Structures are given as C-alpha cells and as structure tokens.
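Protein chains: 2
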Amino acid sequence: MKNGGFHSGRRSCFVIDRLSKKDRHQRLIQLIDENPFVTDRELTRQLKVSIQTIRLDRMELGIPELRERMKQMAEHSYDQVRSLSLEEVIGDVVDLQLDKSGISIFEIREEHVFSKTRIARGHYVFAQANSLAVAVINDEIALTSSADIRFLRQVHLGEKCIAKAYVRSIPGQKGKAKVEVFTYVADEMVFQGNFVIYRSTGE
Amino acid sequence: MKNGGFHSGRRSCFVIDRLSKKDRHQRLIQLIDENPFVTDRELTRQLKVSIQTIRLDRMELGIPELRERMKQMAEHSYDQVRSLSLEEVIGDVVDLQLDKSGISIFEIREEHVFSKTRIARGHYVFAQANSLAVAVINDEIALTSSADIRFLRQVHLGEKCIAKAYVRSIPGQKGKAKVEVFTYVADEMVFQGNFVIYRSTGE
DNA sequence: CAAATATTAGAACCTGGTACTAAAATAAAG
DNA sequence: CTTTATTTTAGTACCAGGTTCTAATATTTG
Numbered sequence: 001m002k003n004g005g006f007h008s009g010r011r012s013c014f015v016i017d018r019l020s021k022k023d024r025h026q027r028l029i030q031l032i033d034e035n036p037f038v039t040d041r042e043l044t045r046q047l048k049v050s051i052q053t054i055r056l057d058r059m060e061l062g063i064p065e066l067r068e069r070m071k072q073m074a075e076h077s078y079d080q081v082r083s084l085s086l087e088e089v090i091g092d093v094v095d096l097q098l099d100k101s102g103i104s105i106f107e108i109r110e111e112h113v114f115s116k117t118r119i120a121r122g123h124y125v126f127a128q129a130n131s132l133a134v135a136v137i138n139d140e141i142a143l144t145s146s147a148d149i150r151f152l153r154q155v156h157l158g159e160k161c162i163a164k165a166y167v168r169s170i171p172g173q174k175g176k177a178k179v180e181v182f183t184y185v186a187d188e189m190v191f192q193g194n195f196v197i198y199r200s201t202g203e
Numbered sequence: 001m002k003n004g005g006f007h008s009g010r011r012s013c014f015v016i017d018r019l020s021k022k023d024r025h026q027r028l029i030q031l032i033d034e035n036p037f038v039t040d041r042e043l044t045r046q047l048k049v050s051i052q053t054i055r056l057d058r059m060e061l062g063i064p065e066l067r068e069r070m071k072q073m074a075e076h077s078y079d080q081v082r083s084l085s086l087e088e089v090i091g092d093v094v095d096l097q098l099d100k101s102g103i104s105i106f107e108i109r110e111e112h113v114f115s116k117t118r119i120a121r122g123h124y125v126f127a128q129a130n131s132l133a134v135a136v137i138n139d140e141i142a143l144t145s146s147a148d149i150r151f152l153r154q155v156h157l158g159e160k161c162i163a164k165a166y167v168r169s170i171p172g173q174k175g176k177a178k179v180e181v182f183t184y185v186a187d188e189m190v191f192q193g194n195f196v197i198y199r200s201t202g203e
C-alpha cells in the first residue's frame with residue numbers, strides 16, 4: 001500500500017488514512033453529485049484510492065461513467081428544450097371549449113416555491129391562470145390587457161392547482177374579451193382572477 | 001470510388017450522385033442540427049461519402065465531435081438548472097431600499113415570447129413585477145395577496161424591462177403592504193400594477 | 001494535357017473508460 | 001496466531017469515437 005501512516009497504517013490509528021468503504025461510497029456519491037463532470041482519475045486524487053477501486057465503487061453504486069453521465073444530461077436538456085419550446089401554456093390543458101371555457105392542471109414542484117416556506121410563488125399561479133385565459137380565446141393573437149387578481153390562500157409544494165376559465169365576452173367592445181379564472185386545490189378556491197384579453201378579431 | 005453510376009459517375013450525369021461540397025456542408029449542418037447525437041459513421045451513410053470527408057467537413061465548418069457536442073449540451077443544461085434553482089427573483093434587482101423602493105431589470109428572451117408574434121407572454125412581465133414587489137418587503141415571509149394590473153403595451157423580444165416598485169404602506173392594516181410597480185421599456189411605460197402584499201410582521 | 005482541388009485510405013495515437021485475471025493487503029473468524 | 005474472506009491494487013486487452021498526419025487517388029478546372 002502507498003498511503004496511510006508510516007508503518008503502512010494498520011487499522012485507522014493514523015489521522016490521514018483511507019475512509020471505510022461505506023464512507024468512501026458516500027463521499028463518492030457526494031463528489032459526483034457536486035461535479036458530474038469529474039473523471040475517475042480526478043476522483044483517485046480526492047479519495048486517495050486506486051482507479052480500480054473507484055471503478056468498482058461506481059459499479060456497486062450503479063453510477064455510469066463520465067461519458068454516459070454527460071450523454072444523459074445532454075439528452076435530458078435536449079428533451080427539455082424541445083418540450084419547453086412547445087410549452088405554450090403553463091399547466092396541462094385538459095379541457096378546452098374555445099371562446100367558452102377551459103380547464104388546466106398544474107402541479108406545484110420544487111422550482112415553483114419559496115425554498116424557505118415551500119409556498120408557491122404568486123407568479124406561477126398567475127401564469128397558469130393567464131396562460132389558460134389566453135388559450136381559451138379562439139384567435140390568432142390574444143394578449144392580456146389587464147387583470148384583477150386575488151390570492152385567496154397559499155398554495156403549497158405538491159398541491160395540484162385546477163384552473164377553470166370562463167369567457168364572458170364584453171358586448172360593447174369587439175376587440176376585447178373578459179375571462180374569469182378560478183383556481184382550486186381540491187375543493188378549495190385558492191385564486192381568482194378577472195382578465196381582460198385583447199383579441200385580434202376582424203383585423 | 002464506390003458510389004455513383006455504373007461507369008463510376010463522371011460529372012453529375014447520373015441521378016444518384018454525390019452532392020457538391022457546398023450542398024453537402026448545408027446538409028451536414030442540417031443533419032447535426034436535427035440530431036446532435038449522430039456519429040460520423042452514421043453520417044457517412046446519410047451523405048454517401050467517406051468518414052474522412054465527414055471529418056474534413058466538420059473541421060471546415062467548425063463543428064466539434066459528438067462527445068464534445070454532448071459535453072457542451074450537458075454543461076449548458078447543468079448551468080441552466082443551477083441558475084434556475086438560484087433564481088429567487090425573475091429579473092436582476094439592481095437597487096433595493098427595503099420597505100421603500102426597488103428596481104429590477106429583465107430582458108425578454110426567446111423563451112419568454114409567443115413564437116408566432118415575438119411578443120412577451122404576460123405572465124413574465126407580471127412575474128418580474130411580482131418578484132420585485134415581494135423582494136422589496138422587509139419581512140421573513142411576504143406573499144402576494146391580490147393585485148390589479150394593466151398591460152399598457154406589448155413588450156417585444158429583446159426589449160429590456162425596467163421595473164420600479166414603491167412601497168405605500170397601508171396605515172390601517174398592519175399585516176398588509178401596498179406596493180406599486182411600474183415597468184418601462186426605455187421611457188415608455190408598458191406595465192402598471194398595484195400589489196397588496198401579505199407580510200408576517202410581529203409574528 | 002497539367003495543375004489545382006476534393007476525396008479517400010490507412011496508420012499511429014488519445015481519452016475515458018469496460019472486462020477480465022491475478023496478486024497483494026487488510027479484516028474477520030476460528 | 002493461523003486460516004479464510006473481503007477489499008484493494010495492478011496490469012492487460014479491448015472499445016468507441018474520435019484527432020493528426022501522410023499519402024495516394026479522383027475529379028475538376030485552366
């Protein structure tokens with residue numbers, strides 16, 4: 001053995017000594033998590049064990065090699081970019097009757113909440129309602145003109161928001177539509193909004 | 001030569017013949033753009049040229065090898081995830097006087113606009129204002145209670161939104177603060193919002 | 001036709017591994 | 001204190017997907 005104390009470290013009676021297998025595994029997971037772009041060779045320096053040990057460890061832990069990790073990240077981001085650019089609406093629209101009504105579902109995930117309180121940031125709840133209000137209008141161009149909104153209670157991590165939109169056309173004005181949106185978690189109303197949507201009819 | 005017509009295609013008098021160098025370059029760019037995970041070997045099949053030609057072409061066009069492409073995508077997505085999870089606020093807060101006022105800047109990028117019209121989705125403009133309204137409140141917990149908003153004109157791709165927030169405390173109610181936000185592009189006001197923010201004072 | 005350009009072939013080498021065999025070192029059990 | 005089991009290290013052959021370099025053919029152009 002190369003490392004360890006002067007008398008080639010028996011037990012762990014020396015300060016700078018190898019970690020136990022279990023500890024090393026934990027550290028390995030941590031290191032790769034912190035920097036997924038680390039090579040096995042770099043890991044040998046950090047963990048003071050041979051490259052074979054690193055590779056055995058990765059096997060046991062089911063951690064793929066660097067190139068495979070990068071490939072997976074690349075594929076993931078590729079999919080994400082594709083789906084994001086398709087995401088014309090925040091939340092899944094499950095029902096849509098153009099110029100009448102619509103329903104969308106949106107689940108509050110980690111990225112939508114304040115990390116401290118785990119309460120959803122208002123603009124995500126608004127975004128779901130706004131997207132739905134725009135989607136429900138049967139027009140080439142539909143833009144939010146103004147809105148009057150109310151957050152009735154906090155929405156927490158993991159909760160499913162069901163937004164229901166109803167189109168109430170404004171009789172006098174042709175280029176504008178009024179859309180009412182109510183968002184529920186289970187039976188409880190958490191958000192209420194009155195949107196005035198600009199539409200491009202007759203242009 | 002291996003491909004081409006029966007008499008080993010002189011000129012381009014045969015139908016199934018190699019493309020010109022220029023056309024091949026265009027096709028190569030297109031193929032890699034469509035599927036960045038394609039190997040050189042797969043490209044030889046598509047373009048009917050040798051692997052050396054593919055590699056020369058990539059050189060000339062400055063297209064890196066598959067592994068480098070994957071690495072770049074992986075790094076890009078890693079950075080994005082990191083910055084997204086750190087993004088406590090939409091827009092850069094450039095000035096903040098707690099319980100008084102604040103300014104944030106937010107540039108409209110591709111991902112914020114309707115692909116058809118290149119006009120910003122309302123909820124991004126709202127999100128900037130909402131984030132700023134919450135940030136300007138000097139409290140552990142600050143949540144949007146209600147808002148009254150107006151989109152004064154469309155914001156386009158590439159425009160920089162400068163949001164200014166002013167706290168107007170509500171004298172009667174202790175747990176609520178009123179925040180006015182005005183968003184400008186250059187000198188033009190594009191958005192106006194009155195937010196009522198719930199605050200946790202004295203709790 | 002000759003000269004210039006484009007294409008192909010092939011060998012050596014690189015990174016970051018896998019798969020496998022085998023020998024040490026260390027720990028645990030009898 | 002041995003013997004056995006586990007853990008760690010060493011070393012070789014091999015792989016994908018390349019780069020880099022030299023050299024030989026095609027093909028096009030003047």
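Listed in order, the protein sequences are those of chains A and B. With the numbering used here as the guide, the letters of the first sequence map in order to residues 1 to 203. With the numbering used here as the guide, the letters of the second sequence map in order to residues 1 to 203. For each residue, glycine too, the CB sits at the ideal point set by N, CA and C. This one's a predicted model, so the numbers in the text were calculated from it and none came from an experiment.
Interface partners of residue i on chain B, CB under 7 Å
i       : result
R150(A) : S146
Interface flag, residue i vs chain B, CB-CB below 8 Å
i       : result
F126(A) : yes
L84(A)  : Model confidence at L84(A) stands at a pLDDT of 48, short of 50, so the residue's coordinates are unreliable; what they give is reported in the following sentence. Chain B, which has a Cβ nearer than 8 Å to the Cβ of L84(A), makes this yes.
Paired residues, beta bridge with residue i - DSSP
i       : result
S146(A) : V196(A) and R150(B)
Y184(A) : I162(A) and M189(A)
H76(B)  : Bridge partners of H76(B): none, in fact.
A177(B) : S169(B) and I197(B)
D95(A)  : I103(A)
A120(B) : V113(B)
H25(A)  : For H25(A), which the question treats as bridged, DSSP gives no partner whatsoever.
Where residue i meets chain A, residues with beta-carbon distance less than 9 Å
i      : result
Y78(B) : P36, F37, M73 and S77
Where residue i meets chain B, residues with beta-carbon distance less than 9 Å
i       : result
V117(A) : Rather than Val, the amino acid found at residue 117(A) in this sequence is Thr. Correct list: E140, I141 and L143.
M70(A)  : R67, M70, K71, M73, A74 and E75
Cross-chain neighbours of residue i in chain A, by beta carbon under 8 Å
i       : result
D154(B) : It is worth fixing the name first, because residue 154(B) is Gln in this sequence and not Asp. Near Q154(B) (Cβ distances below 8 Å), the residues of chain A are L143.
Buried or exposed (CB count within 10 angstroms, at least 16 for buried), residue i
i       : result
V94(B)  : exposed
L66(A)  : buried
N130(A) : buried
M1(B)   : Confidence at M1(B) is low in this model, with a pLDDT of 33, below 50, so the placement of that residue should be treated as unreliable; the coordinate-derived value is given next. By the neighbour-count rule (16 or more Cβ atoms within 10 Å), M1(B) is not buried but exposed.
R199(B) : buried
D57(B)  : buried
L98(B)  : exposed
A186(A) : exposed
R121(A) : buried
N3(A)   : With a pLDDT of only 34 at N3(A), under 50, the local geometry of the prediction cannot be trusted, and the value read off the model is given with reservation. So N3(A) counts as exposed.
T183(B) : buried
L132(B) : buried
L61(A)  : exposed
K21(B)  : exposed
I63(A)  : buried
S104(A) : buried
S145(B) : buried
M70(A)  : buried
M73(A)  : buried
G102(B) : buried
S77(B)  : buried
G91(B)  : buried
C-beta neighbour in chain A for residue i, strict 8 Å
i       : result
V190(B) : no
G122(B) : yes
S131(B) : yes
C13(B)  : Low confidence applies here, because C13(B) scores a pLDDT of 33, under 50, leaving its location unreliable and the question unanswered by this model.
Residue i beta carbon near the ligand MN (any heavy atom closer than 7 Å)
i      : result
L61(A) : Judged by which ligands are present, the structure shown has none, so any question about the ligand MN falls away.
Quiz item: What residues from the segment 175-187 of chain A come within 9 Å of chain B, judged by C-beta to C-beta, listed N to C?
Solution: For chain B, none of the residues of the segment 175-187 of chain A brings a beta carbon within less than 9 Å of one of its beta carbons.
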